Amino acid sequence: MNIKQRAASLVLSLSVLVFMVCASVCGARAAEPAPAEADESAQSDFKLVLIPYGWLTGFTGTMGARGHETHVSNSFGQLEKYLNFAAMAHMEMYYRDTVGLIAEVNYARMGEQTSRKGVSLDGQMTSTMSDVAAFYRLGTVPLNDNGGKISFDILGGVRIWTMEMGLSAEYKQLEASSRIYRSWVDPIVGARTTIHLDKHWFMDLRGGVGGFGAASTNTWDAMGVVGYNFWKNATAILGYRAVGLNYESGSGRDNFKVNAVQHGPVVGLALTF
């Protein structure tokens, strides 16, 4: 399947998801009686946002295991070459629009083959990155009379990494292969700004750093998205995200290293409950 087919499949899947969710939620709301005002007030204190999304990620950097090392440089436009499978989901819980919790999971299975100076290197990596962070809203400032406002959040939590890497090398008809598994946790801190231009359009900018030598030497992330609220409980989002990682552990046959950046467009659907 080429990149155009994968992109078309992703767009079609998201479109079907939008239709199914909208139909089910609308039907459920039509069948339910109107809640009492006291119930509405209690429910409005809490808000849940679920975002299934696609991250068309490229991978640039160096990965190595047990003395074997290879450099990979791929853009998201080369998905059909190296990305075998990916799945992503994001969740946020708010209490009175002041404090809350963010949880996110990104899973990807990638592979790349390179040849140079008579050596053929075949690298495969399975990566799971999970963020869990609490946030506090410092404040919200109105922008205009059309519902425009800007809010500022600070975040703190952990990033959980799980990676399995396999490298095989062929040189003059001799083959060698290595496979190694690592899992670790990095502390992370960050900030976020959400700009509501009106009742429908908004922009979200988020960034953070972590690691600090606790496990990774460093990790960082940056993301910017534009969203359009086409229904009171559903918002389409489109943006770009990058995540960097510099991690190394062990030595000799137990060595494992990754110094790379994952980056690419983000497309998804935010569902508010």
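FYI, the numbering for the sequence shown is -30 to -1, 1 to 243, going by mature numbering (1 follows the signal peptide of the UniProt record, and there is no 0). Even for Gly, the Cβ is constructed at its ideal location relative to N, Cα and C. Predicted model only: the values in this text are computed from it and were never measured.
- Residue 97 and residue 116 have their C-alpha atoms some 43 Å from each other.
- Just so you know, the alpha carbons of residue 187 and residue 201 end up roughly 43 Å apart.
- Put simply, the backbone Cα of residue 133 is about 26 Å away from that of residue 161.
- From the listed residues 20, 211, 155, the smallest Cα separation to residue 242 is found for 20.
- Pairing residue 73 with residue 135 gives a Cβ-Cβ distance that is not under 8 Å.
- With contact defined as three or more Cβ pairs closer than 8 Å, the segment 193 to 200 and the segment 220 to 229 are not in contact.
- Beta-bridge analysis with DSSP links residue 242 to 19.
- Close CB contacts of residue 66 within its chain, under the 7 Å cut and outside five residues either way in sequence, are with 15 (chain order).
- Take the alpha-carbon of residue 79 and the one of residue 60: they are about 19 Å apart.
- The bridge partners DSSP lists for residue 208 are 196, 237.
- Residue 186 sits in coil when the DSSP states are folded into three classes, being neither helix nor strand.
- Judged by beta-carbon spacing, residue 189 lies beyond the 8 Å limit of residue 177, meaning their Cβ atoms are not closer than that value.
- Excluding its 5 nearest sequence neighbours in each direction, residue 75 has C-beta neighbours in its own chain below 6 Å: 59, 100, listed in chain order.
- Under the DSSP assignment, residue 44 falls in the beta strand (DSSP E) whose first and last residues are 38 to 44.
- The three-state secondary structure of residue 221, taken from DSSP, is coil.
- Listed in chain order, the non-local C-beta contacts of residue 69 below 6 Å within the same chain comprise 106, local neighbours out to five positions each way being set aside.
- Minimum Cα-Cα distance from residue 25 among the listed residues 166, 57, 17 corresponds to 57.
- Burial state of residue 109 is exposed, judged by a 10 Å Cβ sphere holding fewer than 16 other Cβ atoms.
- Between the beta-carbon of residue 238 and that of residue 23 there is about 3 Å, and that keeps the pair under the 8 Å contact cut.
- Contact annotation: residue 236 and residue 215 have beta-carbon atoms that are not nearer than 8 Å.
- The shortest C-alpha to C-alpha distance from residue 207 to any of 185, 184, 170, 230 is the one to 170.
- Residue 149 counts as exposed, since fewer than 16 other beta carbons sit within 10 angstroms of its beta carbon.
- 8 Å or more divides the Cβ of residue 164 from the Cβ of residue 156.
- Under DSSP, residue 100 forms a beta bridge with 75, 130.
- A residue is called buried when at least 16 other Cβ atoms come within 10 angstroms of its Cβ; residue 151 does not meet this threshold and is exposed.
- About 5 Å separates the CB atoms of residue 43 and residue 30; that is less than 8 Å, so the two are in contact.
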